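Engineer:
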Amino acid sequence: MIASAILKLRHYCAYQERCHSEVKSKCFELGLRGEEVDEAIAALISDNFLNEERFAKAFAGGKFRLKQWGRKKIQMELKQRQVSAYCIKKGMEEIDAEDYDKTLYTLAEKKYASLKGEQYLKRKYKTMQYLLQKGYEPEFIQDVIEQIAKGGD
1 MIASAILKLR
11 HYCAYQERCH
21 SEVKSKCFEL
31 GLRGEEVDEA
41 IAALISDNFL
51 NEERFAKAFA
61 GGKFRLKQWG
71 RKKIQMELKQ
81 RQVSAYCIKK
91 GMEEIDAEDY
101 DKTLYTLAEK
111 KYASLKGEQY
121 LKRKYKTMQY
131 LLQKGYEPEF
141 IQDVIEQIAK
151 GGD
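Once you know that position 63 of the sequence shown is 63 in the UniProt record's numbering, the rest is easy, because the numbers rise by one and skip nothing.
This is the structure we're talking about:
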């Protein structure tokens, strides 16, 4: 029973990076309980199918590049998946500061431009709300919107 479950879990982990909580839920789906779950997870870690630091790096890098999420949203998602603080820190190192600033500026510019018919303050407010929802830090957003507002209009 446990051998076939581990085989299925290997395929599950080989398909894409997984965090421990995802693998634990999959174990329950496969009918494993108690010590069997710990045993299966230990086997996956020792065979290097499961590595939380690698997961955090892939997750942070991917969400930033593909969905253009900000640091705060990525950190919250990783915390929700019960990833350790150390791994979250390692994952955040995957985000290049220069790329982060460029992405924030580009997103802000696009959103601000899309609100051309709106009043000045409403335009700034909606742009800020959009970027906060994406997970960017308020202090960075404020500076970027000020730059765009001065350059635009």
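Ideal Cβ positions, reconstructed from N, Cα and C, are used throughout, including at glycine.
Predicted model, so just to flag it, every value in this text is computed and none were measured.
Would you mind sorting Tyr136 into buried or exposed? The rule is 16 or more other CB atoms within 10 Å of its CB.
Structural biologist: To locate residue 136, count along the sequence shown from 1; it is residue 136. Tyr136 should be labelled buried.
Engineer: Of the choices Gln82, Ile88, Val144 and Ala43, whose alpha-carbon is the least far from that of Leu107?
Structural biologist: What you label residue 107 is simply residue 107 of the sequence shown in a count that begins at 1. Of Gln82, Ile88, Val144 and Ala43, the residue nearest in Cα terms is Val144.
Engineer: Hey, would you say Lys111 sits closer than 8 Å to Tyr130, going by beta carbons?
Structural biologist: Reading the sequence shown from its first residue, position 111 is the one you call residue 111. Reading the sequence shown from its first residue, position 130 is the one you call residue 130. Going by C-beta atoms, Lys111 is nearer than 8 Å to Tyr130.
Engineer: How far does the alpha helix (DSSP H) with Gly61 in it reach, from first residue to last?
Structural biologist: To locate residue 61, count along the sequence shown from 1; it is residue 61. It spans Glu52 to Lys67 - the alpha helix (DSSP H) in which Gly61 sits, taken as one unbroken run.
Engineer: One question on the structure: do Leu44 and Lys8 come within less than 8 Å of each other, judged by their Cβ atoms?
Structural biologist: Along the sequence shown, read from residue 1 onward, the residue named residue 44 stands at position 44. Along the sequence shown, read from residue 1 onward, the residue named residue 8 stands at position 8. Cβ distance not < 8 Å, so Leu44 and Lys8 don't count as in contact.
Engineer: Going residue by residue through the UniProt domain "RecX third three-helical" (99-145), where are the continuous beta strand (DSSP E) segments of at least 3 residues, counting only ones entirely within it?
Structural biologist: Those beta strand (DSSP E) runs which fall completely within the UniProt domain "RecX third three-helical" (99-145) and span 3+ residues do not exist here.
Engineer: Decide yes or no for the touch test of the region 56-73 against the region 83-95: beta carbon pairs closer than 8 Å, at least 3 of them.
Structural biologist: Yes, since at least three Cβ pairs between the region 56-73 and the region 83-95 fall closer than 8 Å, the two stretches touch.
Engineer: Locate the alpha helix (DSSP H) running through Ile2, then write down its first and last residues.
Structural biologist: Mapped onto the sequence shown, residue 2 falls at position 2. Unbroken alpha helix (DSSP H) run through Ile2: Ile2 to Tyr15.
Engineer: For the alpha helix (DSSP H) that Gly91 lies in, which residues bound it at each end?
Structural biologist: One-based indexing of the sequence shown puts residue 91 at position 91. Here the alpha helix (DSSP H) through Gly91 covers Ala85 to Met92.
Engineer: Along the alpha helix (DSSP H) that carries Tyr78, what are the first and last residues, could you check?
Structural biologist: Along the sequence shown, read from residue 1 onward, the residue named residue 78 stands at position 78. It should be noted that the sequence gives Leu, not Tyr, for residue 78. Counting along the chain, the alpha helix (DSSP H) containing Leu78 begins and ends at Arg71 to Gln80.
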